[in-house]
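Chains as they are written, first to last, in this note's numbering: chain A, 452 to 966; chain B, 452 to 966.
Where is the CB? At the ideal position from N, CA and C, for every residue including glycine.
Since the structure comes first, as structure tokens, the remarks are kept for the end.
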């Protein structure tokens, strides 16, 4: 399996070559999915003392997967396929598969084996250090891990894409085709709407009140049953997935029929789990909607993290915070939490979802200020990668920028630079995809409203099949055939822009705050 | 990592060779532990539709591990080490490592890669089929999987140990050095005590009553906290392990600091979880007591399944069903289950643990009849492997033998041939180690009583450190340096025999039943 069977003749027709290349890529994907099992287990199940061994396991697997990915026989097959008739006259899936497998292999082949192993090990060790450092708000506990990780990632950038700016090289792993200058421009335009909107909300005399969430008790076992039911009703298939508990909610696929989402629970604040699960289930619906017959190959892969995030944000915000959705869902919520919600009307409930309030923790932020959290991280990580900011200076830089954007200073590093797992896990260049995806979601929703004029009537009666069907057909079925911007442009018929997000926020929150 | 780095000179001194061989074996063990992660997750977490992909993952990993294990460079190193001074004048650990790594590699190398992959795949598919077949009591659902599995295991036996009887070749995987004729002789002697003892118990006018378990409610959440506390108090380290829920309780190590035990819960029968966890924690204490510095090498491995079972049975039966243990533990149980146990005295409680009652399900059997369940499976699987019994005839053969031994016939196959996961998972030759281990446990306890005269006083006050210290020192620290029989003989100073088990059962149950 590792090596081609020697007795087999070297395949020569383009179709044979294509079959052999896909077979190898699929088997490599199966091994890659074993890494996903290790990762999921690490986040949800790992006993405290087991982290060092998990790092060994991750490093061994990373080395094996890397070797499989960069096997010279596979590179040779792809080279020959790229010059074959299939590369120009094959089906769209075949052409995309040849092109993307080839560039993936070339990119991987530029990474030394040692670096691959070290990155895998540093990610596990960094994440475990992060858990302890955040718990004790100790910057010193994480600092050396971040120094090491940023250095490794800069090395990775230089090896992997010597043709690109180092931050772009990392960003390209998560959002193929995106470049930091373009992202920065879009974010700047968005800031011009969001910063004054936040100020206006804070200064308004009409203020939505979320006391019905923050001042009432929502028993965790009732939450578990409720959010599971909601996830199921919007279409998440528990026959092909799970919902578990973690400190940091996420979604991961361990195989084509094994999508796992997680959340955390707060019995004094229902939105934590509710919107956490709507968000992760949105990711999960995308994973469950990818073409299974192309598993392990580009037509069966997600297009980018931004597209992934567009799906999660769509369900979390565009649907989950809409009035029609709660016309349907509030009775379910009342049945689950009769004590807390017995007397609440849909107007009052929906109002409570529209609170804008600057806060320290990104994953608990409201829909509007959330994007300021993302921009802060994007600017800081870019500055570190570009050598404009030292890792040692991150806590101060964070706190100063936070104060400037939010008007308050984090009381400690746990509420500041230590709050997110990403950097310690090596996910650098990842943050901007959150807001890119949120922009995509708003643009998609506009297109969906054109395609499904009675969308709200469906939401108000708990029918999500038409919406999900559209997403499946227009987005999920496309896999990774297009990069995110061409995909969004094709699906929506409009150039990518933050306008829809800006408009949506201004309109909905303007109404909620009587602006 | 897969291949030795070409630029490195071929190591030549025995110490260098030994270091290289151990390094390779350890890295292979790390990969093997990834297989354990897949297995644990499969049993505890896998979404229903994900089984096929898990089989793909297991097959890919089995192939990679097998290739690592049988790498010609490693075989060459071990060949040279076997002829070196270390093989005769090294430390005992070095000598055992050389000898056992060499025989392991040779055994593995006799298995074709195809067979290894097919066995891994058949095990996952068989286990998933078993879950469904047992749930619907459908023999036909499992039959083709067992036909395939027994055929594969016979092929494995023939390849792996052509020098041995085929059943012995399989048995030797679990209990190195054991041979079926010797096992059959020991079991026959034990039957001579157990069969009349069961008859005498059933016919006795004094009968212990376990109504306090079967007729009262033990809430599952209270059980979870209680058994976790008990496992912790006897020494199971939750910093290096976990306790989870499964249909079929087990213990597995995912790494040197990652031992996972599972149980099931029955709110109408406390002993299910209580003795399940004492049993699995006994396995876990052994795993946690193996020399970590030798992880992945024979001195850091368990000696055999029989020795493993001796540890679980010791804690479950010799300790967990003893009167002194309950002098300490009953107050804890009363605090956990005040409704069920508020008025119960230690005499009455202990009495309820001593019920002998023929029943259909092995894992719910009492301590005495349990061994008859094992002997039945041993005789049947041996007959199939020897070609004396067809897989198709297993259900009838099971039911007839069961009726002969237990005086009743299983009402359906779920209560008969379908109850155990082992055959569908390829664990053939495994069953006899349950009763061998139980024999070892009784023999060990006799030695422990000589070494720790005030053992009962310790148990009665919840002090297990002296007992655990003895096990750690005498058994756990030995790793796989000796086969089970020489190990038991050295530790106890007596030849291996079923006498201690027979005597212990006769004495304790004779007392409980007034015989």
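* Look at residue 597/A and residue 795/A and say whether their C-beta atoms are less than 8 angstroms apart. => In the first chain, residue 597/A corresponds to position 146, counting from 1. In the first chain, residue 795/A corresponds to position 344, counting from 1. No, these two residues do not count as a Cβ contact at 8 angstroms.
* Helix, strand or coil for residue 711/B per DSSP? -> On the second chain, position 260 is the one that residue 711/B refers to. Judged by DSSP in its simplified three-state form, residue 711/B adopts strand.
* **Local conformation of residue 693/B per DSSP, three classes** => For the purposes of this step, residue 693/B is taken as residue 242 along the second chain, with counting starting at 1. Under the three-state reduction of DSSP output, residue 693/B falls in the strand class.
* Asked: Can you tell which of 790/A, 779/A, 727/A has its C-alpha closest to the C-alpha of residue 763/A?
  -> Position 312 of the first chain, counting from 1, holds the residue named residue 763/A. For residue 763/A, the closest C-alpha among the options 790/A, 779/A, 727/A is that of 727/A.
* Asked: Do residue 734/B and residue 812/B have their C-beta atoms closer together than 8 angstroms?
  -> Here residue 734/B corresponds to residue number 283 of the second chain, with the count starting at 1. Here residue 812/B corresponds to residue number 361 of the second chain, with the count starting at 1. With respect to residue 812/B, residue 734/B sits apart: the two C-beta atoms are not nearer than 8 angstroms.
* Asked: Among all the DSSP beta bridges, which residues are the ones paired with residue 702/B?
  -> Reading the second chain from its first residue, position 251 is the one you call residue 702/B. Residue 702/B is bridged to 712/B.
* Since I believe residue 826/B is in contact with residue 972/B (beta carbons under 8 angstroms), could you give me their beta-carbon distance rounded to a whole number of angstroms? => This structure cannot speak to residue 972/B, because chain B is shown only from 452 to 966.
* Continuous alpha helix (DSSP H) stretch holding residue 855/A: start and end -> By 1-based counting over the first chain, the position of residue 855/A is 404. Unbroken alpha helix (DSSP H) run through residue 855/A: 845-857.
* Asked: Is it the case that the Cβ atoms of residue 495/A and residue 713/A are separated by a distance below 8 angstroms?
  -> The sequence position of residue 495/A within the first chain is 44, counting from 1. The sequence position of residue 713/A within the first chain is 262, counting from 1. A contact, by the Cβ cut-off of 8 angstroms.
* Under a CB-based cut-off of 8 angstroms, is residue 453/A close to chain B? -> Locating residue 453/A in the first chain gives position 2, where the first residue counts as 1. Unreliable placement is indicated for residue 453/A, whose pLDDT of 43 sits below 50; no coordinate value is reported for it.
* To do: Check the Cβ of residue 499/B against every Cβ in chain A and list those closer than 7 angstroms, keeping chain order.
  => Here the question's residue 499/B lines up with position 48 in the second chain. Ordered by position in chain A, the residues that pass the 7 angstroms Cβ test against residue 499/B are 690.
* Asked: Are the CB atoms of residue 601/A and residue 537/A nearer to each other than 8 angstroms?
  -> Taking the first residue of the first chain as position 1, residue 601/A is located at position 150. Taking the first residue of the first chain as position 1, residue 537/A is located at position 86. Taking 8 angstroms as the Cβ cut-off, residue 601/A and residue 537/A do not qualify as a contacting pair.
* To do: Find the nearest neighbour of residue 906/B within the set 836/B, 955/B, 682/B, 770/B, judged by alpha-carbon distance.
  => By 1-based counting over the second chain, the position of residue 906/B is 455. Closest option to residue 906/B, Cα to Cα, is 770/B.
* Tell me, please, whether the segment 485-500 of chain A touches the segment 699-719 of chain A by the rule of three or more beta-carbon pairs shorter than 8 angstroms. => With a cut-off of 8 angstroms, the segment 699-719 of chain A and the segment 485-500 of chain A count as touching, because enough Cβ pairs lie within range.
* Measuring from the CB of residue 855/B, is there a heavy atom of the ligand MN at a distance below 7 angstroms? -> The ligand MN is absent from the structure shown, which contains no ligand whatsoever.
* Asked: So does the segment 563-576 of chain A actually touch the segment 586-594 of chain A, counting three or more Cβ pairs closer than 8 angstroms?
  -> With fewer than three CB-CB distances shorter than 8 angstroms, the segment 563-576 of chain A does not count as touching the segment 586-594 of chain A.
* To do: Give the single residue among 634/A, 558/A, 773/A whose Cα lies nearest to the Cα of residue 613/A.
  => In the first chain, counting from the first residue as 1, residue 613/A sits at position 162. Closest by alpha carbon: 558/A.
* **Distance between residue 886/A and residue 802/A (C-alpha atoms, nearest Å)** => The sequence position of residue 802/A within the first chain is 351, counting from 1. The sequence position of residue 886/A within the first chain is 435, counting from 1. Roughly 24 angstroms separates the two Cα atoms.
* Which runs of the alpha helix (DSSP H), 4 residues or longer, sit entirely within the segment 876-914 of chain A? -> Here the runs fully enclosed are 883-902, 906-911.
* Through-space distance from residue 874/B to residue 953/B, alpha-carbon basis -> Here residue 953/B is taken as the residue at index 502 of the second chain, counted from 1. Here residue 874/B is taken as the residue at index 423 of the second chain, counted from 1. A direct Cα-Cα distance of roughly 28 angstroms separates residue 953/B from residue 874/B.
* For residue 623/A, which three-state DSSP category applies? -> For the purposes of this step, residue 623/A is identified with residue 172 of the first chain, where counting begins at 1. Under the three-state reduction of DSSP output, residue 623/A falls in the helix class.
* Asked: Are the segment 676-684 of chain A and the segment 464-484 of chain B touching by the rule of at least three beta carbon pairs closer than 8 angstroms?
  -> No, the segment 676-684 of chain A is not in contact with the segment 464-484 of chain B.
* To do: Give the secondary structure of residue 952/A by DSSP, where H, G and I count as helix, E and B as strand, and everything else as coil.
  => Translated into the one-based positions of the first chain, residue 952/A becomes position 501. Residue 952/A carries a helical assignment under DSSP once its states are collapsed to helix, strand and coil.
* Using a Cβ-Cβ distance under 8 angstroms, would residue 488/A count as near chain B? -> Numbered from 1 along the first chain, position 37 holds the residue referred to as residue 488/A. Contact with chain B is found for residue 488/A, since one of that chain's Cβ atoms lies less than 8 angstroms from the residue's Cβ.
* Asked: In chain A, which residues lie less than 9 angstroms from residue 478/B when you measure between Cβ atoms?
  -> Taking the second chain and counting its residues from 1, one reaches residue 478/B at position 27. Listed along chain A, the residues sitting closer than 9 angstroms to residue 478/B by beta-carbon distance are 507, 511.
* Exposure of residue 941/A, with buried meaning 16 or more beta-carbon neighbours within 10 Å -> Within the first chain, numbered from 1, the residue matching residue 941/A stands at position 490. Burial check for residue 941/A: the Cβ neighbour count within 10 Å stays below 16, so the residue is exposed.
* If you scan the segment 765-799 of chain B from start to end, which runs of the alpha helix (DSSP H) of 4 or more residues do you find wholly inside it? -> Runs of the alpha helix (DSSP H) lying entirely within the segment 765-799 of chain B and spanning at least 4 residues, in chain order: 774-787, 789-792.
* Asked: Quick one: does residue 693/B have its CB under 8 angstroms from some CB of chain A?
  -> In the second chain, counting from the first residue as 1, residue 693/B sits at position 242. Chain A, which has a Cβ nearer than 8 angstroms to the Cβ of residue 693/B, makes this yes.
* Using the Cα positions of residue 951/A and residue 645/A, report the straight-line distance between them to the nearest angstrom. => Taking the first residue of the first chain as position 1, residue 951/A is located at position 500. Taking the first residue of the first chain as position 1, residue 645/A is located at position 194. Cα atoms of residue 951/A and residue 645/A: separation of roughly 13 angstroms, rounded to the nearest angstrom.
* To do: Determine, using beta carbons only, whether residue 614/A comes closer than 8 angstroms to chain E.
  => This model lacks chain E altogether, as its protein chains are A and B.
* Helix, strand or coil at residue 872/B according to DSSP, with G and I counted as helix -> Numbered from 1 along the second chain, position 421 holds the residue referred to as residue 872/B. DSSP, read as helix, strand or coil, puts residue 872/B in coil.
* Coarse secondary structure for residue 723/A, derived from DSSP in three states -> Walking along the first chain from the start, residue 723/A turns up at place 272. Annotated three-state conformation of residue 723/A is helix, per DSSP.
* Asked: Which term fits residue 837/B, buried or exposed, when burial requires 16 or more other beta carbons within 10 angstroms of its beta carbon?
  -> Counted from its first residue, the second chain places residue 837/B at position 386. Label assigned to residue 837/B: exposed.
* Asked: Of all the CB atoms in chain A, is at least one closer than 8 angstroms to the CB of residue 735/B?
  -> On the second chain, residue 735/B is found 284 positions in, with the first residue counted as 1. Residue contact check for residue 735/B against chain A: no CB pair falls below 8 angstroms.
* Asked: What is the rounded straight-line gap between the Cα of residue 483/A and the Cα of residue 546/B?
  -> Locating residue 483/A in the first chain gives position 32, where the first residue counts as 1. Locating residue 546/B in the second chain gives position 95, where the first residue counts as 1. For residue 483/A and residue 546/B, the distance between alpha carbons rounds to 38 angstroms.
* Enumerate in chain order the residues of its own chain whose CB-to-CB distance from residue 688/B is below 7 angstroms, with the five nearest sequence positions on each side excluded. => In the second chain, counting from the first residue as 1, residue 688/B sits at position 237. Closer than 7 angstroms at Cβ, skipping near neighbours: 739.
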